[in-house]
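**Student:** So the sequence shown is numbered by our numbering: it starts at 283 and just counts up by one.
So that we are looking at the same thing, I have put the structure below in structure tokens.
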Amino acid sequence: MPRKCTICCNILAVAFLFSSFHSSAQKRKDRDYALLVDPFIGTGGHGHTYPGAVMPFGMVQLSPDTRLEGWDGCSGYHYTDTVVYGFSHTHLSGTGIPDYCDVLFMPTTGDPQFKNTDYRSGFKKKNELASPGYYKTLLDKYNIGVELTATTRVGVHRYEYPSTQKANIIIDLQHRDEVLDSWIEVVNDHEIRGYRKSKSWANNQQVYFYAKFSKPFITYGIASNDAVQQGRSKLQGKNIKMYLQFDNPGEVISKVGISSVSTEGALKNLDAEVPDFDFKKVQKAARAGWNNELNKIQVDGGGPSGSQAEPEDQRTVNTPYGPMPATGKKAKAINYAKVKQTIFYTALYHSMLAPNIYNDVNGQYRGMDQQVHTAQGFNYYTVFSLWDTYRAENPLLNLIDRKRTLDFVKSFLAMYDQGGVLPVWPLASTETYCMIGNHSIPVIVDAYAKGIRDFDAEKALAAMKASVNRNQFGLDVYRKNGAVLSDVEDASVSKTLEYAYDDWCIAQMAKMMNKPQDYTEYIQRAQYWKNVYNNQNSFMQARSNGGWLTPFDPTEINGNYTEGNSWQYSFFVPQDIETLITKMGGKEGFEAKLDELFTTESKLKGADIPDVAGLIGQYAHGNEPSHHMAYLYNFTNSPEKTQYYIDRILREEYSNKPDGLAGNEDCGQMSAWYVMSSLGIYNIAPGQQQFQIGVPQFDKAVINLENGKTFTIINAGASIGKGNIYLQGMSLAKKAYNKLYLNFDDLANGGEFEVFAGKLANKIFVQEIERPNSIISDELIVANPYIIAPSRSFKEPITVQIKSVDADAKFYYTLDGSTPTPASTLYTLPINITTNTTVKAIAVLNGKSSFVDEATFVKLRGDLKLTLTNKYLPAYADKGDESLINGIHGAANWRTGNWQGYQGKDLEAIIDFGMVKPVKQVSIGTLQDTNSWIIFPREVQYWTSNDGKTYKLAVTVNSKIDIKDLKPQTQEFIAPLNTNTRYIKIVAKQYGPLPDWHESKGNQSYIFADEITVE
């Protein structure tokens, strides 16, 4: 088992005999909770965190870079690495896409080297230390001690060199991602400045820096393309590096300010925050700053103090507090309370690493329009992983960091001013549009609902409406059809569900602002989840051609769901849980469905998505869509199952080891879930007031609120025994409490909430307490009907049926392409389809009509037989062997399906007409999406034969579109034949290895084909 961080090793058995200090902001007795933070938690496995020096929500994240490539190198560091390239000033915490790691400093000795494989160094874990605001290591290759600390906008390095006349600092501006432009300049023998513009996840990231050194460098060299340019004090280019050389300096302190605006801004940041070279003072201030934040929640106890010895000769022992080491026959007793507190305070620490302040000390920042703006009266932030953090991190900060939350909202509105939409996933000054939904909306609405209102609410509402009414990412399809359709947009189920939740949030904002017209519109849209709910199997399922996309397997991870499958999305209706319960057969049926979710032995199928991890049945704690699900038992007759599964998740999916996270940290969400759930409260639908009650994990937890009040949560049973997880009773303000939720006002007004826990579920107690609420009861919509058919294309006549999730609805339909109304044909019996037909139908209930549901059926030629000489890839099979002649044409978005994929071999298909027939022309449809490796064939050859043995080349059609055209698009390779033939052989030639300029150069391209058309 990897060792625990050294900073925690000397903590006494009584975890809170710490030195304390008093905060001037609040009258509380602060403790040194930094002792309990282990920044190495999450740096192993797939956590993707970093261990370096950073302040809460700081602009600078000064950390070692040990891994430059691969998914587990997203943060630049992985715990299993033993080689370090240097120490860069920006890092992302727990993301699934790499970026940042800007402006690398690396101390060396000897002759300066510019290739990272030459200047890198090994290091040993035993020499590595990390605590909030501080990092330390030893470079084995050079015997240089390295210490790092930081302020909000400045990184401070301390290097301890051995005796040498060639003590160097290498500064590498090419390090990590693609450089678009960079320059570096020597100001004097103590100062340098520079600039780096790069492209990765953020396609236009700009970092200016200004560095000062405690001792003069005696010489320097600036290199372009790794060659020193003699006599130059400034160089510009895409591969700029430099060395500074000191003569036997002993200790050198480097302080580096950064800015998105200018080197002048970086210098102002540097001088304002670190005016001298007192490393210890900066380190001490960083620790004090972290303790000020960590003391916003003060916990005691949490488990037995460690009187039990471990079993013999086992590597690990599973305990109620996660897997623990057994190191011998008489292993040291474990302090379970300290273990839980370490996990808790590290989680709280991780919850405060992002978003990041982006403005300089003078308020200037680079906006989403790439122009320089000034934040007036607030700090401007970036790095909002909103698809993740709106679920738990932002609700947590609404409790303990309301001023910062207000700054977040003001940052969102500034981004709206600059770009016309609210942010989705902003990184530096770039909107990445990563993930789905518009989840700045629930952050704004939840803040407003909880009294954070010192912002322009009218602008906020207008911004929300503008963001969800743009024609992007299927929003236009969603508005037109009441659902995103899989025929035209990928991730259709996930997008429908998440758009509906965002719309519910807008409805709540409109209601609070007394905007009845807006409320009506958006509360109806909030119900569009009903249009992807299949009442035949109780799963959320993709809509295709008027019906359900088949074949369907709820365990399959595919393009209809974002980083998940139907199991992991079928419970995502946080705004209308009670209606979902009704649809699933009432409380018993809903509970049975939840039971199956957590207990099924079925395995994941389909795409290999590493984010879908931390599995308990099909529940995937390693990814965010599952995070609210265990709390849904609170709506059933068995809320004790919420207590059971929350406790199990806390134990099994978190630990105090480097791989102690079930999945990506995701900028604080994974940790914030732990913090909230350990407190015993969780908001499943930010925007409403109720916090679900789970099971508090500590004897005592005090939430210090910004209004000067405290809310205390007590569970004395947490330390009495390791299995006291079931509620036996509750009290609020010393009075018996009979609800499974707390309202926000209960917390905000301060007070004391106490739970009494035991080892056995108390069914009698939980049956008598009030359940939480989650229901849309006004402006009810009629769900869209769905059309059931054996296939979309046919050779023999078929019949189709019309059904609906609303059992009492009536259906009206047309077959002539016209829009149905209640005056159209009433559906009573299955419809016979004998020729090319478009069926349009509506459902009508209580005088209200659904959206129009539409299905098109194509009659195929009966004389075509298709043989594929080369087999398509199983992952891109479309509908199987006859997909290329099924009459269905694919769209430019390959993720919607209807495409067959081939890689490493040409597409070769033979059409047999059964006899010699006249053929005017033949064509095949193909797709190009260069960024996804899908390239048009170089050429398509058409061969003819009458006997199926001897073929003659008839026509060769070359691609008309260059591979460098990056726009996703389709192309028909049309061949005029004007001949008589029985067989046509079609050979689409692969482009081959991707070219050198492609980011995935050398990998084999794909051919995607959809339909062969013969006239």
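C-beta atoms are modelled at their ideal positions from N, C-alpha and C, and glycine is treated no differently.
Does the stretch 877-896 come close enough to the stretch 846-857 that 3 or more CB-CB pairs lie under 8 Å?
**Tutor:** Because the criterion of three Cβ pairs below 8 Å is met, the stretch 846-857 and the stretch 877-896 touch.
**Student:** Where are the alpha helix (DSSP H) runs, 4 residues long or more, that stay fully inside the stretch 1069-1111, in chain order?
**Tutor:** Entirely contained in the stretch 1069-1111, not one alpha helix (DSSP H) run reaches 4 residues.
**Student:** So, with DSSP's three-state summary, where would you put Ser1298?
**Tutor:** Any property of residue 1298 remains undetermined from this structure, which presents the chain solely from 283 to 1297.
**Student:** Taking all protein chains shown into account, do 16 or more other C-beta atoms lie within 10 angstroms of the C-beta of Gln884, making it buried, or fewer, making it exposed?
**Tutor:** The residue you call residue 884 lines up with position 602 of the sequence shown. The question names Gln, yet the displayed sequence has Ser at residue 884. So Ser884 ends up on the exposed side.
**Student:** Give me the Cα-Cα distance between Thr861 and Ile1058, rounded to the nearest whole angstrom.
**Tutor:** Taking the first residue of the sequence shown as 1, we reach residue 861 at position 579. Taking the first residue of the sequence shown as 1, we reach residue 1058 at position 776. For Thr861 and Ile1058, the distance between alpha carbons rounds to 8 Å.
**Student:** Tell me, to the nearest whole angstrom, how far the beta carbon of Asn638 is from that of Phe322; I am working on the premise that it is less than 8 Å.
**Tutor:** Your numbering for residue 638 matches position 356 in the sequence shown. Your numbering for residue 322 matches position 40 in the sequence shown. Not confirmed; about 21 Å, so no contact.
**Student:** What are the partner residues of Pro1275, as DSSP defines its beta bridges?
**Tutor:** Within the sequence shown, residue 1275 is the residue found at index 993, counting from 1. Paired residues: Gln1286.
**Student:** Assign Phe1290 to one of two classes, buried (16 or more other C-beta atoms within 10 Å of its C-beta) or exposed (fewer than that).
**Tutor:** Indexing the sequence shown from 1 puts residue 1290 at position 1008. Classification for Phe1290: buried.
**Student:** Could you please give the first and the last residue of the uninterrupted beta strand (DSSP E) stretch that includes Ser541?
**Tutor:** As a working note, residue 541 is residue 259 in the sequence shown. Counting along the chain, the beta strand (DSSP E) containing Ser541 begins and ends at Glu533 to Ser541.
**Student:** With DSSP collapsed to three states, give me the class of Leu961.
**Tutor:** The residue labelled residue 961 in the question sits at position 679 within the sequence shown. Here Leu961 sits in helix by DSSP.
**Student:** Should Leu1042 go down as buried or exposed, given a rule of 16 or more other Cβ atoms within 10 Å for buried?
**Tutor:** Here residue 1042 corresponds to residue number 760 of the sequence shown, with the count starting at 1. Exposed, by the Cβ-count rule.
**Student:** Suppose the cutoff is 6 Å on Cβ atoms and the five residues either side in sequence are ignored; what does the same chain contact list for Trp811 look like?
**Tutor:** Working through the sequence shown from its first residue, we reach residue 811 at position 529. Answer for Trp811: Leu779, Ala782 and Val855, listed in chain order.
**Student:** Mind checking whether Val1064 and Lys1130 have CB atoms under 8 Å apart?
**Tutor:** Taking the first residue of the sequence shown as position 1, residue 1064 is located at position 782. Taking the first residue of the sequence shown as position 1, residue 1130 is located at position 848. Yes, the Cβ-Cβ distance between Val1064 and Lys1130 is below 8 Å.
**Student:** Would Tyr417 pass as a contact of Ala335 if the rule is Cβ separation under 8 Å?
**Tutor:** Position 135 of the sequence shown, counted from the first residue, corresponds to residue 417. Position 53 of the sequence shown, counted from the first residue, corresponds to residue 335. Contact: yes.
**Student:** Flag Arg933 as yes if its beta-carbon sits less than 8 Å from any beta-carbon of chain D, otherwise no.
**Tutor:** Included in the structure is just one protein chain, with no chain D present.
**Student:** On the three-state DSSP scale, how would you describe Phe755?
**Tutor:** Here the question's residue 755 lines up with position 473 in the sequence shown. Looking at Phe755 - three-state DSSP - the assignment turns out to be coil, as it is neither helix nor strand.
**Student:** Considering only residues of the stretch 432-504, which uninterrupted alpha helix (DSSP H) runs meet the minimum length of 4 residues and lie entirely inside it, listed in chain order?
**Tutor:** Counting only runs of 4 or more, we get nothing.
**Student:** Gly376: which of Tyr631, Asp553 and Lys563 sits nearest, CA to CA?
**Tutor:** For the purposes of this step, residue 376 is taken as the residue at position 94 of the sequence shown. Closest by alpha carbon: Tyr631.
**Student:** Quick one: Cα of Pro380 to Cα of Ser959, how far?
**Tutor:** Reading the sequence shown from its first residue, position 98 is the one you call residue 380. Reading the sequence shown from its first residue, position 677 is the one you call residue 959. Computed Cα separation, rounded: 29 Å.
**Student:** Count the other C-beta atoms from every protein chain shown that fall within 10 angstroms of the C-beta of Arg684, then say buried if there are 16 or more, exposed otherwise.
**Tutor:** Here residue 684 corresponds to residue number 402 of the sequence shown, with the count starting at 1. Counting Cβ neighbours within 10 Å, Arg684 comes out buried, since at least 16 surround it.
**Student:** Just grab the DSSP bridge partners of Trp669 for me.
**Tutor:** As a first step, residue 669 must be located in the sequence shown, where it is residue number 387. Trp669 pairs with nothing; no bridge assigned.
**Student:** If we ignore side chains and look at the alpha-carbon of each, how far apart do Thr1151 and Ile1268 end up?
**Tutor:** The sequence position of residue 1151 within the sequence shown is 869, counting from 1. The sequence position of residue 1268 within the sequence shown is 986, counting from 1. Computed Cα separation, rounded: 10 Å.
**Student:** Give me the Cβ distance between Gly645 and Gln658, rounded to the nearest whole Å; I'm assuming they're in contact under 8 Å.
**Tutor:** Stepping through the sequence shown from its first residue, residue 645 is reached at position 363. Stepping through the sequence shown from its first residue, residue 658 is reached at position 376. The Cβ separation is near 7 Å, so the contact holds.
**Student:** Just list the residues that DSSP pairs Asn1114 with in beta bridges.
**Tutor:** Counting from 1 along the sequence shown, the entry for residue 1114 is found at position 832. Answer is Thr1081.
**Student:** Buried or exposed for Asp347, please, with buried defined as at least 16 other CB atoms from any protein chain shown within 10 angstroms of its CB.
**Tutor:** For the purposes of this step, residue 347 is taken as residue 65 along the sequence shown, with counting starting at 1. When all chains shown are included, Asp347 counts as buried.
**Student:** Spatial neighbours of Tyr1019 within its chain, please: CB distance less than 7 Å, with the 5 preceding and 5 following residues excluded, ordered by chain position.
**Tutor:** Residue mapping note: residue 1019 aligns to position 737 of the sequence shown, counting from 1. Counting only Cβ-Cβ distances below 7 Å, and skipping sequence neighbours, we find Met1012 and Ser1013.
**Student:** Which residues does DSSP pair with Ile1002 in a beta bridge?
**Tutor:** Within the sequence shown, residue 1002 is the residue found at index 720, counting from 1. Paired residue(s): none; Ile1002 is not in a bridge.
**Student:** Using 8 Å for Cβ pairs, my map puts Ala432 next to Ala568. What's the rounded Cβ distance?
**Tutor:** Here the question's residue 432 lines up with position 150 in the sequence shown. Here the question's residue 568 lines up with position 286 in the sequence shown. Between Ala568 and Ala432 the Cβ distance is about 6 Å, and since that is below 8 Å, they are a contact.
**Student:** Should the stretch 1267-1287 be called in touch with the stretch 1215-1225, which here means at least 3 C-beta pairs below 8 Å?
**Tutor:** Counting Cβ pairs under 8 Å, three or more are found: they touch.
**Student:** If you draw a straight line from the alpha carbon of Gly1196 to that of Arg1264, how long is it in whole angstroms?
**Tutor:** For this step, residue 1196 is matched to residue 914 along the sequence shown. For this step, residue 1264 is matched to residue 982 along the sequence shown. Rounded to whole angstroms, Gly1196 to Arg1264 spans 6 Å at the Cα level.
**Student:** I need the boundaries of the beta strand (DSSP E) containing Trp1225, first residue and last residue.
**Tutor:** As a working note, residue 1225 is residue 943 in the sequence shown. Glu1221 to Ser1227 is the span of the beta strand (DSSP E), which, as asked, contains Trp1225.
**Student:** Thinking C-alpha only, which one of Asn905, Asp560, Val428 and Gln790 is nearest Ser1056?
**Tutor:** Counted from its first residue, the sequence shown places residue 1056 at position 774. Checking every option, the nearest Cα to that of Ser1056 belongs to Gln790.
**Student:** Between the C-alpha atoms of Leu914 and Lys875, what's the straight-line distance to the nearest angstrom?
**Tutor:** Stepping through the sequence shown from its first residue, residue 914 is reached at position 632. Stepping through the sequence shown from its first residue, residue 875 is reached at position 593. Straight-line Cα distance between these residues: approximately 11 Å.
**Student:** By the three-class DSSP mapping on this structure, what secondary structure does Phe853 have?
**Tutor:** Numbered from its first residue, the sequence shown carries residue 853 at position 571. Looking at Phe853 - three-state DSSP - the assignment turns out to be coil, as it is neither helix nor strand.
**Student:** Count the other CB atoms within 10 Å of the CB of Ser445; is the residue buried (16 or more) or exposed (fewer)?
**Tutor:** Numbered from 1 along the sequence shown, position 163 holds the residue referred to as residue 445. Exposed is the call here.
**Student:** Put Tyr367 into one of helix, strand or coil per three-state DSSP.
**Tutor:** The residue labelled residue 367 in the question sits at position 85 within the sequence shown. Reduced to three states, the DSSP call for Tyr367 is coil.
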